[in-house]
Each structure stands twice: as structure tokens, then as C-alpha cells.
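*Asks:* For the protein sequence lines, the chains are L and P, in the order given.
So the first sequence is residues 0 to 310, counted in numbering that gives the first Met the number 0.
So the second sequence is residues 0 to 306, counted in numbering that gives the first Met the number 0.
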Amino acid sequence: MASLLARRLQAAGALALAALGTASCQRSTASERTVLLNRGSDTMINVAQAWAEEYAKVAPGVSVEVAGGGSGVGIAALIDGTVQIANSSRPMKPAEQEATRTARGADPVEHVTGYDALVVYVHAKNPVQSMTLEQLRDLFAEGGRISRWSDFGVRHDACPRDTIIRISRQSSSGTYDFFREAALDKHDFKLGTLELNGSKEVVELVAHTPCAIGYSGMGYATPGVKMLSLSREGGPPVAPTVQATLDRSYPIARPLYMYTVGQPEGETKRYLDWIHSPPGQRIVSAVGYVPLPASETGPVPAPPSPSEVHP
Amino acid sequence: MTEGAPGSIGFRRSWHSLAAERGIEALITVCGISAVILVGGIFFFVFREALPVLASPNFSLGEFLFSVEWYPTSVTDVRYGVLAMIVGTLAVTALAMAIAVPFGIGGAIYLSEFCGPKVRETLKVVIELLAAIPSVVWGFLGLTVVNQLLITVFDAAVGLNALNAGLLLALMSLPIIVSIGEDALKAVPDSYREAGIALGATRWQLVYRVLLPGARNGLLAAVLLGVGRAVGETMAVLMATGHAVQIPGGLLDPVRTLTANIASEMGEVSKDSEHYRVLFAIGVLLFGITFLVNLAADLVVRGVRRR
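1) In chain order, what residues of the same chain have a beta carbon less than 8 Å from the beta carbon of residue 22(L), not counting five sequence neighbours either side?
2) With DSSP as the reference, please indicate the residues paired to residue 109(L) in a beta bridge.
3) Quick check for students: name the residue ranges of the alpha helix (DSSP H) that lie wholly in the segment 47-80 of chain L, counting only runs of 4 or more.
4) On a CA-only basis, which of 72(P), 79(P) and 184(P) is nearest residue 59(P)? Give me that one, please.
5) Going by DSSP in three states, residue 301(P) sits in which element: helix, strand or coil?
6) In whole angstroms, what is the alpha-carbon distance linking residue 105(P) and residue 165(P)?
7) Leaving out the 5 sequence neighbours to the left and right, which residues in its chain are closer than 6 Å to residue 78(L) when beta-carbon positions are compared?
8) At which residues does the alpha helix (DSSP H) containing residue 90(P) begin and terminate?
9) Just list the alpha helix (DSSP H) runs in the segment 168-222 of chain P, keeping only unbroken ones of 4 residues or longer that don't cross its boundaries, in chain order.
10) Would you check if the segment 217-224 of chain L and the segment 59-76 of chain L touch, i.e. whether three or more CB-CB distances between them fall below 8 Å?
11) If you reduce the DSSP assignment to three classes, tell me which class residue 225(L) lands in.
12) Under 8 Å Cβ-Cβ, which residues of chain L neighbour residue 256(P)?
13) Give a yes or no on whether 8 Å exceeds the smallest Cβ distance from residue 1(P) to chain L.
14) When the Cβ atoms of the segment 231-251 of chain L are set against those of the segment 268-278 of chain L, are three or more pairs found closer than 8 Å?
15) Please check if any C-beta of chain P sits within less than 8 Å of the C-beta of residue 187(L).
16) Excluding five sequence neighbours on each side, which residues of the same chain lie with their C-beta closer than 6 Å to the C-beta of residue 116(L)?
17) Which runs of the alpha helix (DSSP H) fall wholly inside the segment 228-269 of chain P and span at least 4 residues, in chain order?
18) Of the residues that make up the segment 153-167 of chain L, which ones have a beta carbon closer than 8 Å to any beta carbon in chain P?
19) Give a yes or no on whether the C-beta atoms belonging to residue 261(L) and residue 120(L) are separated by under 8 Å.
20) Please tell me whether residue 4(L) has its Cβ less than 8 Å away from any Cβ of chain P.
21) Does the beta carbon of residue 173(L) sit closer than 8 Å to a beta carbon anywhere in chain P?
22) Quick check: the Cα distance between residue 142(P) and residue 64(P), rounded to an integer number of angstroms?
23) Among 168(P), 277(P), 199(P) and 194(P), which has the Cα closest to the Cα of residue 81(P)?
24) Could you name the residues that DSSP lists as bridge partners for residue 69(P)?
25) From which residue to which residue does the alpha helix (DSSP H) around residue 146(P) run?
26) I want to know whether the segment 174-187 of chain L touches the segment 124-144 of chain L - three or more CB-CB distances under 8 Å.
27) So with CB distances below 7 Å, who are the chain P contacts of residue 110(L)?
28) Kindly indicate if chain P contains any beta-carbon less than 8 Å away from that of residue 240(L).
29) Could you have a look at residue 296(P) and say whether DSSP puts it in helix, strand or coil?
30) If we ignore side chains and look at the alpha-carbon of each, how far apart do residue 197(L) and residue 168(L) end up?
31) Check the Cβ of residue 196(L) against every Cβ in chain P and list those closer than 9 Å, keeping chain order.
32) Report the rounded CA-to-CA distance for residue 112(P) versus residue 165(L), giving the unit in angstroms.
33) Using three-state DSSP, classify residue 85(L) as helix, strand or coil.
34) With respect to the alpha helix (DSSP H) encompassing residue 205(L), which residues constitute its N-terminal and C-terminal limits?
35) In chain order, what residues of the segment 80-102 of chain L put their CB closer than 9 Å to some CB of chain P?
36) With DSSP collapsed to three states, give me the class of residue 42(L).
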């Protein structure tokens, strides 16, 4: 609970901004205009932005304002009531659910809006094709013994020093949390791991550093890097594809969540329904993530009638 | 200048001009003392935030100072050891000074003794511009240009490392060293130069035997301000060092500095938690390092004076 204090302080800034945004919107348009505030995960910022832009064409009376800050920041803003929707690349923690009930008088509701395979990236010239989760742990986790590319039985000519450069996110990132939980089995990272401040920076550095290995969302792939296939113990190596993410055969995939307080209503519900519909899901794949399987996708919602948009 | 009774110099002063004089004197005194109050205040507030963890029984100062294991968010075993970051800070600072001091002092000598007024004015403007570049721009340069350069030239495994940060910090502290060093050399009385030339000294002998010893304190102050800049710099080192917790084995190894660590973790840490307080303890440590540097400098200057 104490950890929420600082996040609330950060959220206070968001509140001020939100209030400013709402006020200016109300002043600038003659007719009523609904503003949906949406904040959270950095992994999801690209897709959230794309949804908001596309939705503006579908429903001109609704404006969706998107901000990043990280999953925890978005959830804190939801608890404080400064946003209608929080983006999160990890499930809500029990303490956060409890705080939502206390502060808002309703349970948070989870909406899975797509999936992301957390991809292990290496330099494009790296001969390694796949790793087992055990090798990944031996490489990244404290006490692990793998430190050279030759430990994988390959000769990596672009990296004559043979030493593996491990690249990670900073400790406050949700992606860091998820990787430690899912890939390292809650072990701590090895000392000497480089910590960078963004998913994109990780992939860029891997692309410029032949000896490097790093992890990031699948939406950040570039031609300069190679995505490794991963295998569970004894299993076959699985590439981070859409299919493998959906059928859970890729071992470190995660849902991308949106959270609301209570069941969504009104414009919020219409927006989430649209995100779950085929047009919304097409954006998920366009940004590079995995859309929901057809069974989970809703019908195309009828565009709101003008009377609904401007009551 | 205001010694002696006002009347004795020959000015006649009215009652309120005397009062204004007193008022201005008081104001100037407050200005002078304000620095002491400010430094004391900053130290007090930083120390107050750090105190609860420093005094807590779980916290071992020995582990804090002499362990390299920094795991503030571990789910299994939280550890706070900053030795690697102390070494990282000292390493990039030493590296930066090894590059910046010869170039800086050399530049100062050139500006004050060897170049014409036109060249000097141009160079001074350029050097001031160098000082005006924001540190995040330096960091950006380190992340992209220097990173690639180190990989190509030195065949480094990764371009974000101690050398990258050292190069950036050298460039960042260079303007300070040059401009203050130049002032110090300029402050050496011309009679010294004339005396040297009269004795038949060459230009180089004049610089080496007369000006450098004459301007020693000022040059030392210039170097120390450069050191201060390098120790306290945050944004550029956060972006250029690779931000890895380890004792570097060489110039091409990534490191993490104390300042960059505070910057990257303070934003997300929950207020009043143990981690939050440990970050303030690092602040106190940085204060201590700066204090030691200044103290050492002061002692050296005194030693120079006594000789």
C-alpha cells in the first residue's frame, strides 16, 4: 500500500494534465465532446496511440488521450480516478486490486486486448538460432554459468571476443519484471547486465553490438536483429510467431491488458468493444503484436449514430 | 575602502546615506552567508531522508560501501551494495580528467599567451558554446556516434562503456577548465612576464617556469571545478556508460555511476520505502566524495602557499 503513495504523486501530475485537456476540449468545441483518458504501459504505447488515432475517424465525437509512464503508473492513475482506462503489460497485483476496491468502490475489470511474445534478440550475424529456457537462465540469471557464445557450441565471427553482452531494461520496467518472472524463474539478473531505458533502445543497441543479446516486445523487431526460438525443457524450439503466441507454445508470451473500474459503460464500453472488433484487432497486428483469436473477437460494432455522439 | 570615519576622507554624509550604507552592508553579509545556509540546508534535507535507513538495524554500512551487489527490487533477496558504482564514478571521472586536464590547461595557455586577440575572441565564443550544450545532447551523442566509433576503432564488444562516458565528460568539463585556467594565467602580473623576458627566457620557458607556478592555485581550482562537473554529471553518463553494475576490468567495460543510478531509479521508487531511503544515502555519499575532493584541494593549495 505504501508503494502507491509515490505513484499517486506521479498520478497527481497526470490529473492536472487531464483536467487541463478536458477543460480545453470543452472550451474549443461548440458541441459536447467526450474525452477518454488512457494511460500506462510503454510496451503498449504504440498500439494505444494507433487505436486512438483510428478511433477518431470512426467516432469523431470521442477523443482518446493516450499517455505512457509504465504499467504501474497507469494502474495508479486508474485507482486515483484520473483515467478511464489503464494499459498494462502485466496483470494487476492483488494489492492494486485491493486499492481499487478501497478507492473506487468497485473491482477492476481486466480486458485482454492482444498478445505480445517477449522476444530474445541477438545481432543479425549471430549464428545462434535457438535457446532453451534453461540456457537463457544460465545466461541472464545470477549464478548462471554461460558467459560466452562458444558455450552454445557456435563460432560467432562478428564477435571475436566471444563474451556475451547482456542487455536488459531498467529495474522499474514491467517488461523487466515479466522477464525475471517468466524466463528467469524469479532469479535476479547477473551483475554487469546493461540496463537501458526503453524497449526500442534495447533492440537498437543489439543491432549495433555484434556480441549482444537482449529482450523486448515483438513489435520492436528490426532488420538488424534476429529473433531467437525458445524451447521449454525437452521441447522443440518455438519461434515467436503469432500462432505460437496464441497457442501458448512460445514460452514467454503475455497478454496486453486494459483495465477499467467496474464493467465499462457508455463511450468507454463502445471504445473497448471497437478495440475487440476486427478493425481494432487489425491495428494490433499492424503495430507488430498478436491480435486476439477470432473466437475472442467481437462483431464489428455499428458506428454510433450522430444523436449518441452529440446528445 | 570604507575604513576610517566617514568625515576623515572628506565626504559629508547625511544620516540616511549612512543608514543605506549599513543596510547594504547587511544585505551583502546575508548574500555571503547564504551559501553556507544553502549547503547546510541541502545536506540536512538529504541526510534527513537517508537517516531512517542508515539507523535501521537491517542496514549494514559495511555492506552498503563494500559490496558490489545492487539488487534493490529483488523478489528473493534485496541487497544494497554500491561499491561498483563508487568505482564506476571514480573511473569515469579519472578518465575524463586524464583527457581534459592536458587539453584544458594547454588550451588555456594557448588562449592567454600564444594567440592573437581575434583568434582568442573567436575561440572563447566557441568554447562557451561547448559549455552551453545540454547534457542530454551529450548523452545522445554518446549513445549513437561515440558508441559506433568505439566499436569500429577499438573493436569494443559494446560501445556504451567507461571510455565513452570518459570522453563525453572530458568534453563537458573542458570549457570550465579552459576558461578558468585562462583567467588564472591572465591574473599572473605582467611584471613576471617582463622579468622573465628580460632574463632571456624563451616563450616556453616563460610558460613552464614562470606562469604555471604563478597561476598554480587558479589552475588547480580550474581542474577541481572540472572534477566536480564530471562527478556530478548525470544524464550523459546514464546514457553512455551502459548502466551496468560491475567493477570494470578495463576502459571498454560498461559501468554505472552513483548519479545515474539515482536518476534512473528515483522516478519509480515508492516514497519512504527502504529503496527510496537508500537512494538518499547514495546522495549523502556523493556529498561526502565532493567534500573530500574539495578538502584535498584545499590542503594542496595550503601546501603550495607554504612553500
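All residues carry an ideal CB built from backbone N, CA and C; glycine is no exception.
From a predicted model like this one, the values you see are computed outputs, not experimental measurements.
*Replies:* Based on what the coordinates show:
1) At residue 22(L) the pLDDT is 43, less than 50, meaning the model places this residue with poor confidence; the figure from the coordinates comes in the next sentence. Cβ within range, chain order: n/a, list empty.
2) 258(L)
3) 70-79
4) Looking only at 72(P), 79(P) and 184(P), the smallest Cα-Cα distance to residue 59(P) is reached by 79(P).
5) helix
6) 19 Å
7) Result list for residue 78(L): 98, 99 and 102, in chain order.
8) 82-108
9) 189-197
10) no
11) strand
12) By Cβ distance, chain L contributes nothing, its closest Cβ being about 13 Å from residue 256(P), past 8 Å.
13) Residue placement at residue 1(P) is poorly supported in this model, since its pLDDT is 46, which falls under 50; the coordinates are not used for a value here.
14) no
15) yes
16) 217, 239, 244, 249 and 252
17) 234-239 and 257-265
18) 158, 159, 160, 162 and 164
19) Taking 8 Å as the cut-off, the Cβ atoms of residue 261(L) and residue 120(L) do not count as close.
20) Below a pLDDT of 50, predicted positions are generally treated as unreliable, and residue 4(L), at 42, falls in that range; no measurement from the model is reported.
21) Chain P, which has no Cβ nearer than 8 Å to the Cβ of residue 173(L), makes this no.
22) The C-alpha of residue 142(P) lies about 30 Å from the C-alpha of residue 64(P).
23) 277(P)
24) 79(P)
25) From DSSP, the alpha helix (DSSP H) with residue 146(P) extends over 146-153.
26) These segments touch.
27) Correct list: empty, because the minimum Cβ distance to chain P is about 25 Å.
28) no
29) helix
30) Looking at the two C-alpha atoms, the distance is approximately 7 Å.
31) At a C-beta separation below 9 Å, residue 196(L) has these neighbours in chain P: 237, 238, 242 and 263.
32) 50 Å
33) strand
34) 198-207
35) none
36) coil
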